[in-house]
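**Q**
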Amino acid sequence: MTTAGLSPLPVPEKLPPGRLRRFMAHPLVLLPLGVLFVVTGAVLPAIALKMLLPGSASVSAAVTGFLTGACSLLAYFAFRRWVERAPAEPARPARALRELAVGASGGAVLFALITGIVALLGGFSVMGLRGIGDLWVWLGIAFSSGMVEEAVFRGVIQRQIEAMLGTWAALAATSVFFGAAHLTNPGATLFAAFAIACEAGILLGSAYLVTRRLWAPIGLHMAWNFTQGWVFSIPVSGGKPPVGLLETRLTGPEWLTGGAFGLEASAVALVAASSAGVVLLIHAHRQGRFLPPRWKRSLA
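According to our numbering, the residues represented by the sequence shown are 15 to 314, in order.
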């Protein structure tokens with residue numbers, strides 16, 4: 015079952031001719047290749063710009079962020095078109111912008127709600143207004159993190175695992191991988207990784223399932239990081255305290271504030287973001303957006 019305006023569900027592909035092509039078409043081969051494509055698309059322009067781009071650090075960070083994000087997404091689409099050979103969708107810029115805007119609005123509102131709840135519980139306070147602060151830096155960070163991470167985790171990992179094991183297994187595995195990827199961040203704890211896995215893994219994975227396109231989770235991810243880092247000056251995933259629009263302070267127990275990792279490791283964020291993800295998950299399931307494991311599809 016599909017809904018008007020949504021991407022069609024992936025369908026079992028006919029085996030392509032030739033042993034090499036059949037080998038290349040297997041999800042276990044496509045998964046590492048896809049990650050390699052996206053990461054290379056992000057890293058190469060970042061290295062080039064670091065050597066070539068003069069000017070202030072903030073401008074350099076912004077330009078690097080925009081370029082790495084855009085190049086990683088182009089690499090992802092190139093991988094889908096020429097390596098995976100997935101069916102091409104017609105280009106619809108208006109739809110992409112709409113889904114990007116809806117995702118961004120949801121991410122900004124959700125994080126503002128989380129911050130407001132923590133403030134009501136005494137864990138967050140605003141000390142003053144700074145001005146633009148590191149606006150350009152955070153625009154670049156939000157742009158690159160949203161595009162690179164969503165292309166890797168939702169565009170490649172979740173899709174390829176889903177092709178083998180079905181939607182539920184793909185969502186669970188991607189959530190675990192996403193949480194584990196943050197364990198090396200400063201201030202990370204096992205609870206912080208668990209919180210990230212539940213919050214971002216379920217929320218972003220479900221946002222992808224609703225449309226089966228990357229634009230909504232990209233917008234959500236970008237706005238979540240930008241609102242957290244620049245608007246509220248809260249450390250993002252254990253990063254150093256940002257210089258953002260507001261001068262703020264987190265005080266109180268770690269379960270409330272997330273400690274050095276930031277509000278993403280707060281119990282408030284865990285409950286609120288995971289709940290929002292479950293709502294999207296239920297919606298996606300009701301719309302028939304889930305796939306069974308590969309062996310069940312082959313028997314159908």
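Where a beta carbon is used, it is the ideal one built from N, C-alpha and C, also for glycine.
Within the continuous alpha helix (DSSP H) that includes Val97, where are the two ends?
**A** Where Val97 is concerned, there is no enclosing alpha helix (DSSP H), given that its DSSP letter is neither H nor E.
**Q** Rounded to the nearest angstrom, what separates Glu278 and Leu67 at their Cα positions?
**A** Their Cα atoms are separated by approximately 33 Å.
**Q** Whose C-beta lies closer than 7 Å to the C-beta of Gly266 among residues of the same chain, with five residues either side of it excluded?
**A** If we look at Gly266 and ignore the five residues flanking it on each side, its Cβ neighbours are Gly136, Gly137.
**Q** Taking Glu176 as part of the alpha helix (DSSP H), name the residues at either end of that continuous run.
**A** 173-179
**Q** In whole angstroms, what separates the C-alpha of Val257 from that of Ser247?
**A** 6 Å
**Q** Whose CA, out of Phe91, Ala110, Arg109, Ala108, lies closest to the CA of Pro101?
**A** Phe91
**Q** Using DSSP with H/G/I as helix, E/B as strand and the rest coil, what is Phe205?
**A** helix
**Q** May I have the straight-line CA-CA distance separating Gly55 from Met161, to the nearest angstrom?
**A** The straight-line gap from Cα to Cα measures roughly 11 Å.
**Q** Is it true that the region 113-124 meets the region 227-234, where meeting means three or more beta-carbon pairs spaced less than 8 Å apart?
**A** Counting C-beta pairs closer than 8 Å gives three or more between the region 113-124 and the region 227-234, which meets the contact rule.
**Q** Can you name the start and end residues of the alpha helix (DSSP H) that Val140 belongs to?
**A** Not the alpha helix (DSSP H): Val140 falls in the beta strand (DSSP E), residues 138-143.
**Q** So what does Leu264 bridge to, in DSSP terms?
**A** Phe138
**Q** Flag this pair as yes or no: are the beta carbons of Ala165 and Glu176 separated by less than 8 Å?
**A** Taking 8 Å as the cut-off, the beta carbon of Ala165 is found no closer than this to the beta carbon of Glu176.
**Q** Express the C-alpha separation of Arg308 and Val293 in angstroms, rounding to a whole number.
**A** 26 Å
**Q** For the candidate residues Gln174, Met38, Gly215, whose alpha-carbon lies nearest to that of Leu284?
**A** Gly215
**Q** Is Ser280 helix, strand or coil when you go by DSSP?
**A** Reduced to three states, the DSSP call for Ser280 is coil.
**Q** Counting pairs of beta carbons, one from the region 137-156 and one from the region 72-91, are three or more of them closer than 8 Å?
**A** yes
**Q** Taking DSSP as the reference, what is the three-state secondary structure of Ala39?
**A** Here Ala39 sits in coil by DSSP.
**Q** So, for Ala89: in the same chain, excluding its five sequence neighbours on each side, which residues have a beta-carbon less than 8 Å away from its beta-carbon?
**A** Within the same chain, Cβ atoms closer than 8 Å to the Cβ of Ala89 are found at Phe51, Val52, Thr54, Gly55, Ala56, Ala165, the five residues on either side in sequence being excluded.
**Q** Measure the alpha-carbon distance for Gln172 versus Arg94 and round it to whole angstroms.
**A** 14 Å
**Q** Exposed or buried, what is Gly130 when buried is set at 16 or more other beta-carbons lying within 10 Å of its beta-carbon?
**A** The residue in question, Gly130, is exposed, as its Cβ has fewer than 16 Cβ neighbours within 10 Å.
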